[in-house]
Amino acid sequence: MSRAETLGTPAATGPGRPSPLWTFGLLRSELVTTVRRWRTLALLGVLAAVPVLIGIAVKAQTPGGSTAGPGGGDGPAFIAQITNNGLFLVFTALAATLPFFLPMAVGVVAGDAIAGEAGSGTLRYLLVAPAGRTRLLLTKYTTVMAFCVLATLVVTVSALLVGVLLFPLGELTTISGTRISFAEGLGRALLIALVVAASLVGIAALGLFVSTLTNSGIAAMATTVGLLITVQILDQIPQLHALQPYLFPHYWLSFADLVRDPVYWDDLVKNLGLQALYAAVFGSAAWARFTTKDIST
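As structure tokens, this is what we get:
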């Protein structure tokens, strides 16, 4: 039985309109199919391994338990504080994976969302069911967004477990030099994970748009990752400083401001606003392309 067949026959709520229950079944099917792919599991495995490698490296380099000053460096340079508090491994792991590993994983999943179905011949079958192209596209994008949250939580949970096992825990010294309780620090770590997941909204929409342009999943994934690398390079060229605030990765590391006391909100708000803008622009472009695309295979 094919994946599309497992959705069952939709109960009609009107002419050509599937029931909400059928829509939920479609979303559940997409989520399960995405997570069960070997490619997705491999990506999540790599993400989970990054905090482990960082934790082991820091532990090996500080056998005597040496400590660092309260500042821990500027921005997201939390690595000097890991030996003081294992919770800093969460911040360090997210800072290490956000520039490339996390968005690359999201780009791969988003790039394959439509193009992969078209290439395997299942997209036409899915459109035979009365889901409608808009509903199917929204389901695909919701699935990619769910993967953003899942991938970020994998890094966070892996880092937290390694931090608990290898380093001491306790009150947290913020990068402003003040101290907060461990419970508050844990809450901020969760908030940072959510902000990081939201920071991937732009690349998710971009990847989905690219996925509607081709019937080759590999081509869509490669293009999305290529665009990610190109934009990252452009964001590092000083001569392009006037353009950089409009590039989707420019404010990614602003999550470090959540480890300040008081929290600096300016760049965080700019980041979330920029991601919403990219989601609106490329989401609309994906919808315009997908609803007019000729699905012949």
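Residues 363 to 659 in the working numbering are what the sequence shown spells out, letter by letter. Just so it is clear, CB atoms sit at the ideal spot from N, CA and C, and this is done for glycine as well.
- With a cutoff of 8 Å on beta-carbon distance, residue 507 and residue 587 are scored as not near each other.
- Taking the Cα positions, residue 407 is about 26 Å away from residue 593.
- DSSP places residue 399 in the coil class of the three-state scheme, outside both helix and strand.
- Counting along the chain, residue 628 sits inside the alpha helix (DSSP H) bounded by residues 628-654.
- Look at residue 622 here: in three-state DSSP terms it is coil, with no helix or strand label.
- Secondary structure at residue 501: helix, using DSSP grouped into helix, strand and coil.
- Proximity of the segment 516-524 to the segment 440-454 meets the contact definition, three or more beta-carbon pairs being nearer than 8 Å.
- For residue 553, the number of other beta carbons within 10 angstroms of its own is below 16, and it is reported as exposed.
- Residue 537 carries a coil assignment under DSSP once its states are collapsed to helix, strand and coil.
- Under the 10 Å beta carbon count, residue 541 is surrounded by fewer than 16 other beta carbons and is classified as exposed.
- Looking at the DSSP output, residue 542 bridges to 534.
- About 5 Å separates the beta carbons of residue 652 and residue 574, which is inside the 8 Å limit, making them a contact pair.
- Spatial neighbours of residue 417 in its own chain (CB-CB distance under 6 Å, excluding positions within 5 residues in sequence) are listed in chain order as 451, 524, 528.
- The three-state reading of DSSP puts residue 609 in coil, since its state is none of H, G, I, E or B.
- With contacts defined as CB atoms closer than 8 Å, residue 534 and residue 544 qualify as a contacting pair.
- When the Cα atoms are used, residue 483 and residue 393 turn out to be separated by approximately 19 Å.
- Non-local C-beta neighbours of residue 610 in its own chain, meaning closer than 8 Å and more than five positions away in sequence, comprise 564, 565, 568, 593, 636, 637, 640, ordered along the chain.
- The distance from the Cβ of residue 582 to that of residue 474 is about 6 Å, consistent with a contact at the 8 Å cut-off.
- Here residue 646 is exposed, its C-beta having fewer than 16 other C-beta atoms within 10 Å.
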